Every structure is written in structure tokens, then in C-alpha cells.
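Trainee:
Printed below as a string of C-alpha cells:
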């Protein structure tokens, strides 16, 4: 990334976010070399805290790319923040509406235009009691089938020390130890010529989420549970199957 081409608002975002993350965290970063220096790329990340987008944005920026996140549309409605998110080319998503399709189209255009598009496949912070990955949504799978761009997995552990979604508590001190690791491009070649059927999208999405889960084991240890499904989603699936 040629950083002199960032423009005013992106430079402003860097000057605001990067120092804050440096003050709030101690960082262990690995795998930056797996992020392509140029060209369209899809970056999939586990989601454990409202603080982790700032950490992963810092990581991707220091790897030499500008991250374009698919983010909740409600954030774009916050005064000042919403304007800034648009100015630095983030992508709003309104779940469950036709605007969600528009967000995917914007992401597709971004990837084809050479951008680094960041997707949280879970769609929200993990509801699993110990913050292990949940079952994902199919946006990343759809985007990959449309673009065949490299899919780079990133996992992190530590931002939940700053803001824990389970307790809703913010803790700025002591500095959190944040580990972020990027893996090699995922091998999705088994689905290279597949059509975007429900089964295909489900298989790709599960493959992505299991890969993220296994990478997360390497940095936090422990024995992960099966991919977690929110109760309401599970109940709805049972009703549809009945």
C-alpha cells in the first residue's frame, strides 16, 4: 500500500486508532507475510469483542493494506462515527434486508478492485460462553465463489480483556496482551466450480469456521467445543425441519 495515497480521513483514522491501540495493548503479531501485498483479498476473522476491530485494523494496516470492514449499519447512524466510517470506505450491512445484498455487491466490487475486504463470518461477537467461534453466516462463502480471491484467516485472543461482551465491562488497565495471527490462504479448491447452493455455501462456511477455530486453539490453548449455534437459530432450524 502506498501510504501517501491514503487521503485526509484515512490518515486521520490512523492517527486516532493506532496510538490508542498501542497504549491499551501489548501485542504479539504473527503471519503478516500471509497477507498479499496487493490485489483483492478476503480476510475472515473471529469476533470476540467490540474492541477487536480496532486491533485487527491496526494489524492489517501494519501489514501494508487498508482494511475495508463489512460492519453493522447501526454504526453508520452514530453521529460523527458514521461519517468517518463512510469517509474511510467501510461497508454497512443491514442484516435481513435487501441492503444486505447491496453490501455483498459493494464487497464484491471492492475485492475485484483490489481491496482487502474484512468479514466477520459470525456476523456478531461470539455468544459461545467461552468465546469460541460460532457457526458462521454465508457472506464470506458467497463472496469467494463470486471472486475466487484469496481467503486469509485471522484469529485473535486478548481484545476481550479490554471489553468483554459477556459482562459488558470496559477495562483499560492493565494493558491487554493481544495475540493476532494470520494464516496461509485457505484451500477452497474443492468448491472452485460449485454453484452457490445452500449446501455448498454451508460447507464452505463450516470449513472456514472450523479452520478459524483450530487456529485459535494454537494461540489460546484448551479444547474447543463444536461450533456453537445460538439457541434461537437452532430452534428455528428445528421448526423448518419439522
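Numbering (UniProt numbering), first residue to last: 1 to 242. Built from N, CA and C at the ideal position, the CB exists for glycine as well. Since the structure is predicted, the reported quantities are computational estimates derived from the model, not experimental observations.
1) Given a cut-off of 8 Å, decide if residue 103 and residue 92 are closer than it, judged by their beta-carbon atoms.
2) Taking the continuous beta strand (DSSP E) assigned at residue 53, which residues delimit it?
3) Report the partner residues of residue 169 according to the DSSP bridge assignment.
4) Return the CA-CA distance between residue 228 and residue 214, expressed in angstroms with no decimal places.
5) Using DSSP's beta-bridge definition, name the partner residues of residue 116.
6) Using three-state DSSP, classify residue 132 as helix, strand or coil.
7) Answer yes or no: do residue 125 and residue 58 have a C-beta to C-beta separation smaller than 8 Å?
8) Which residue comes first and which comes last in the beta strand (DSSP E) that contains residue 93?
9) Could you tell me if residue 68 is buried or exposed, where buried requires 16 or more neighbouring beta carbons within 10 angstroms of its beta carbon?
10) Looking at the unbroken beta strand (DSSP E) that takes in residue 153, where does it start and where does it end?
11) Please state whether DSSP places residue 125 in a helix, a strand or coil.
12) Straight-line CA distance for residue 194 to residue 142?
13) Is the Cβ-Cβ distance between residue 41 and residue 149 less than 8 Å?
14) Going by CA-CA distance only, name the one from 181, 169, 201 and 206 that's closest to residue 217.
15) Applying the 10 Å Cβ sphere with the 16-neighbour rule, what's the burial state of residue 22?
16) Quick check on the burial criterion: 16 or more other C-beta atoms within 10 angstroms. Buried or exposed for residue 65?
17) State the DSSP-derived secondary structure class of residue 186, mapped to helix, strand or coil.
18) Report the three-state DSSP secondary structure of residue 72 (helix, strand or coil).
Mentor: The short version:
1) yes
2) Per DSSP, residue 53 belongs to no beta strand (DSSP E); it is in the alpha helix (DSSP H), 52 to 62.
3) 164
4) 14 Å
5) 41 and 67
6) coil
7) no
8) 91 to 93
9) buried
10) 151 to 157
11) coil
12) 11 Å
13) yes
14) 181
15) exposed
16) buried
17) coil
18) strand
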